[in-house]
């Protein structure tokens, strides 16, 4: 498929043919494409954990029962922000490694991880397969980290289920361009654009949505954020305990 067509036809799949087995060749095409993603200074501050063990996948679903595809998909990958590799480099050269003094190293690593994840999504679709990104693995971030034996300086960012879809999905509408794209400087826009999108999404009528788009995020960000992530970052040396 042409690259632009793949990008413009993107949709998320959550239901996969359990009899379909992803070949090693397909898996490595996806992994190789993922590893070619752009990264800051070519630092490649991420790692990819390929979960082959069905028992581990079952435990992930037990923690996150709303995503059974983590077990039933052909492949499940976990993308982690990885500052352990650069810590090894610092130790090799005998230099300090004060990454816990500010947010920028973590932002850099998470950005690298997200870029690698998106390349994997595009490669998956280029092979005629489907995927779903699982950000909710951060809900139980410490438990997931222990399950995957992640060292300090490594943070789970998102999972990716890959397989052959057995339910066709429609392309989900996006926010109006005027609410997202700015030229030269950030431009204020009328709230009516968001209301228009609310109406668009209501007409789209995705079965899993129970609220208007705007209300969903008003409720989500109106609640306290997931403090487990803060605790995890302090415990795993991304932040100093007093930050």
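Residue numbers (the numbering used here): 35 to 277.
In this text, a Cβ means the ideal position worked out from N, Cα and C, and glycines have one as well.
Delimiting residues of the beta strand (DSSP E) encompassing residue 111: Walking along the chain shown from the start, residue 111 turns up at place 77. Where residue 111 is concerned, the enclosing beta strand (DSSP E) stretches over 109-116.
Three-state secondary structure (DSSP) of residue 50: Position 16 of the chain shown, counting from 1, holds the residue named residue 50. DSSP places residue 50 in strand when its eight states are reduced to three.
Proximity of residue 196 and residue 109 at Cβ, strictly below 7 Å: The sequence position of residue 196 within the chain shown is 162, counting from 1. The sequence position of residue 109 within the chain shown is 75, counting from 1. Cβ atoms of residue 196 and residue 109: closer than 7 Å.
Residue 82 vs residue 91 beta-carbon contact at 7 Å: Here residue 82 refers to the residue found at position 48 of the chain shown. Here residue 91 refers to the residue found at position 57 of the chain shown. For residue 82 and residue 91, no; Cβs fall outside 7 Å.
Beta-carbon proximity check, residue 112 vs residue 190, cutoff 7 Å: The residue labelled residue 112 in the question sits at position 78 within the chain shown. The residue labelled residue 190 in the question sits at position 156 within the chain shown. Yes, Cβ-Cβ distance for residue 112 and residue 190 is below 7 Å.
Contact under 7 Å by Cβ, residue 134 with residue 274: Taking the first residue of the chain shown as 1, we reach residue 134 at position 100. Taking the first residue of the chain shown as 1, we reach residue 274 at position 240. Cβ atoms of residue 134 and residue 274: closer than 7 Å.
Cα-Cα separation between residue 221 and residue 231, rounded to whole angstroms: Against the chain shown, residue 221 aligns to sequence position 187. Against the chain shown, residue 231 aligns to sequence position 197. Each residue's alpha carbon lies about 18 Å from the other.
Candidates 254, 150, 61, 140: closest to residue 198 by CA position: For the purposes of this step, residue 198 is taken as the residue at position 164 of the chain shown. Comparing Cα positions, the closest option is 61.
Distance CB(residue 51)-CB(residue 200) smaller than 7 Å: Position 17 of the chain shown, counting from 1, holds the residue named residue 51. Position 166 of the chain shown, counting from 1, holds the residue named residue 200. Contact: yes.
For residue 267, the three-state DSSP class (helix, strand or coil): In the chain shown, residue 267 corresponds to position 233, counting from 1. Correct three-state label for residue 267: helix.
Between the CA atoms of residue 96 and residue 169 - distance to the nearest angstrom: Here residue 169 corresponds to residue number 135 of the chain shown, with the count starting at 1. Here residue 96 corresponds to residue number 62 of the chain shown, with the count starting at 1. Rounded to the nearest angstrom, the two C-alpha atoms are 16 Å apart.
Close Cβ partners of residue 241 (< 8 Å) along its chain, the five nearest in sequence each way excluded: Locating residue 241 in the chain shown gives position 207, where the first residue counts as 1. Answer for residue 241: no residue qualifies.
Residue 206 versus residue 46 - alpha carbon distance: Start at 1 with the first residue of the chain shown, and residue 206 comes out as number 172. Start at 1 with the first residue of the chain shown, and residue 46 comes out as number 12. Between residue 206 and residue 46, the C-alpha separation is close to 9 Å.
Reduced DSSP secondary structure (H/G/I, E/B, other) of residue 68: Here residue 68 refers to the residue found at position 34 when the chain shown is read from its first residue. In the structure shown, residue 68 sits in a helix (DSSP, three-state: H, G or I).
Of the listed residues 252, 248, 225, nearest to residue 236 (C-alpha basis): Counting from 1 along the chain shown, the entry for residue 236 is found at position 202. Answer by Cα proximity: 248.
Local conformation of residue 254 per DSSP, three classes: Mapped onto the chain shown, residue 254 falls at position 220. The answer is helix: DSSP assigns residue 254 an H, G or I state.
Nearest-angstrom Cα separation, counted from residue 223 out to residue 246: Against the chain shown, residue 246 aligns to sequence position 212. Against the chain shown, residue 223 aligns to sequence position 189. Their Cα atoms are separated by approximately 20 Å.
Cβ neighbour criterion (16 or more within 10 Å) applied to residue 41: Numbered from 1 along the chain shown, position 7 holds the residue referred to as residue 41. Exposed: under 16 other Cβ atoms inside 10 Å.
DSSP-derived helix/strand/coil call for residue 162: Within the chain shown, numbered from 1, the residue matching residue 162 stands at position 128. Coil at residue 162, not helix or strand.
C-beta contact flag for residue 215 and residue 192 at 7 Å: Here residue 215 is taken as the residue at index 181 of the chain shown, counted from 1. Here residue 192 is taken as the residue at index 158 of the chain shown, counted from 1. In this structure, residue 192 does not lie closer than 7 Å to residue 215 by Cβ.
Residue from 89, 188, 117 whose Cα sits closest to the Cα of residue 104: Your numbering for residue 104 matches position 70 in the chain shown. Taking only the C-alpha atoms, the option nearest residue 104 is 89.
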